[in-house]
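Just so we're aligned: the sequence shown equals residues 1 to 248 in the working numbering.
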Amino acid sequence: MSRMPFIAGNWKMNKTVAEAEAFMEACAGRSFDGVDVAVCVPFTSLWAAKRAAGSVAVYAQTMHDAPSGAYTGEVSAAMLDAIGVDGVVLGHSERRELFGETDKALQRKVPAALEAGLVPILCVGETEAERENGDMERKLRHQVQEGLHSVPAERLHEVVIAYEPIWAIGTGKVATPEQAQEAGELVRALVGDRSKEAEQRVRVLYGGSMKPNNAAELLALPDCDGGLIGGASLKPDDFLAIVDAATS
Ligand code: 13P
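Right, dumping it as structure tokens:
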């Protein structure tokens, strides 16, 4: 089964409206054949980024699971959909660690995103200590099973799963191809426990210090269908070099 590669830049808490527009202008005129391309944008720049976007999809970086209500500071899936946002990152390790996002909340958020027409990118990954203690598999199993728990089997393939080892995020310490493949294969097999069809169709991304100089090797792995890129997605040249690596 051939899966469309997917390169997504996660800007995290970077880029004002003007900076987001400048990034989109630098990507304008590029059409992307054989690869899906997205950037995950702070709330304040979503509207402007979407208007300037061309062939680049625009994703949010988090959302609340409820459609509306007394949740000060939060944004719903319906609100994102109403301004044309295409998808949303859910369960990034920074949100889990720094802002208390739980697997229970993700059980509601992933189906809520799908129901609103957004593509969810569910992030999973182990800490360095968990890897050293032989706990990687247990952690990934738990996060994948919990995050996908309330997604019906026939919609599982629409979820994108990003394997992001926490020790590789923002550290310059990239997973080896063997480590990335082992984890990607495991994540795919865990989806397969729910649906054999989804196992073949679901896209599994790698994230963690992916750069223009290491992307090709990772993207060539059988169970790496793309990348979730932090630091290297802030400059259009670096980001587009990784996009090109996905199609060459
Ligand atoms: P870096 O590419 O900066 O390591 O960040 C990865 C990441 O967290 C993407 O979501």
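Just so you know, even glycine gets a beta-carbon here, dropped at the ideal spot from N, CA and C.
Boundaries of the beta strand (DSSP E) in which glycine 227 is found, first to last residue: That run of the beta strand (DSSP E) goes 226–229.
CB-CB under 6 angstroms to histidine 157, same chain, minus the five flanking residues each way: which ones, in chain order? Ala198, Arg201 and Val202
Close Cβ partners of aspartate 231 (< 7 angstroms) along its chain, the five nearest in sequence each way excluded: In the sequence as presented, aspartate is not what sits at residue 231; that position holds glycine. Only Gly170 meet the Cβ criterion.
Every unbroken beta strand (DSSP E) inside the stretch 101–146 [3 residues or more]: 119–124
Please tell me whether, using a cut-off of 6 angstroms, the distance from the CB of isoleucine 169 to the nearest non-hydrogen atom of the ligand 13P is below it. Yes, the beta carbon of isoleucine 169 sits closer than 6 angstroms to at least one heavy atom of the ligand 13P.
The ligand 13P and glycine 117: does any heavy atom of the ligand fall closer than 6 angstroms to the residue's C-beta? No - the ligand 13P has no heavy atom lying nearer than 6 angstroms to the Cβ of glycine 117.
Tell whether a beta-carbon distance below 7 angstroms holds between valine 160 and isoleucine 121. yes
Thinking C-alpha only, which one of Gly125, Met79, Ala129 and Glu132 is nearest alanine 112? Met79
Compute the minimum distance between the beta carbon of glycine 231 and the heavy atoms of the ligand 13P, and state whether it is under 6 angstroms. yes
Let me know the secondary structure DSSP gives aspartate 81 once reduced to three states. helix
Excluding five sequence neighbours on each side, which residues of the same chain lie with their C-beta closer than 8 angstroms to the C-beta of proline 212? Ala232, Asp238, Ala241, Ile242 and Ala245
If distances are taken between C-alpha atoms only, which option among Leu98, Ala175 and Gly84 comes closest to methionine 56? In the sequence as presented, methionine is not what sits at residue 56; that position holds valine. Sorting Leu98, Ala175 and Gly84 by C-alpha distance to the C-alpha of valine 56 places Gly84 at the top.
In chain order, what residues of the same chain lie with their CB nearer than 7 angstroms to the CB of methionine 177, ignoring the 5 residues before and after it? A small correction: the amino acid at residue 177 is proline; methionine does not occupy that position in the sequence shown. Hits under 7 angstroms: Glu217, Leu218 and Leu221.
What do you get for threonine 72, buried or exposed, if any count of 16 or more other CB atoms within 10 angstroms of its CB means buried? exposed
Just to confirm, does serine 76 get its C-beta within under 6 angstroms of one of the non-hydrogen atoms of the ligand 13P? no
Segment contact, 8 angstroms Cβ cut-off, at least three pairs: the stretch 129–138 with the stretch 94–101: Of all C-beta pairs linking the stretch 129–138 to the stretch 94–101, fewer than three are shorter than 8 angstroms, placing the two stretches out of contact.
Less than 7 angstroms separating the beta-carbons of glycine 91 and leucine 106? yes
Between histidine 64 and the rest of its own chain, which residues show a CB-CB distance below 7 angstroms, the 5 nearest in sequence each way excluded? Exclusion of the five residues before and after histidine 64 leaves Tyr71, Glu74, Val75 and Ser76 as the residues of its chain whose Cβ lies within less than 7 angstroms of its Cβ.
Do you know how far the Cα of aspartate 223 is from the Cα of glutamate 185? 6 angstroms
So what's valine 17 in DSSP terms, helix, strand or just coil? helix
Three-state secondary structure (DSSP) at isoleucine 169? coil
So what does DSSP say about leucine 156, is it helix, strand or coil? Correct three-state label for leucine 156: helix.
Under a Cβ-count criterion, where at least 16 other Cβ atoms within 10 Å of its own Cβ denotes burial, should lysine 50 be classed as buried or exposed? buried
Smallest Cα separation from lysine 196: which of Gly227, Leu228 and Arg155? Arg155
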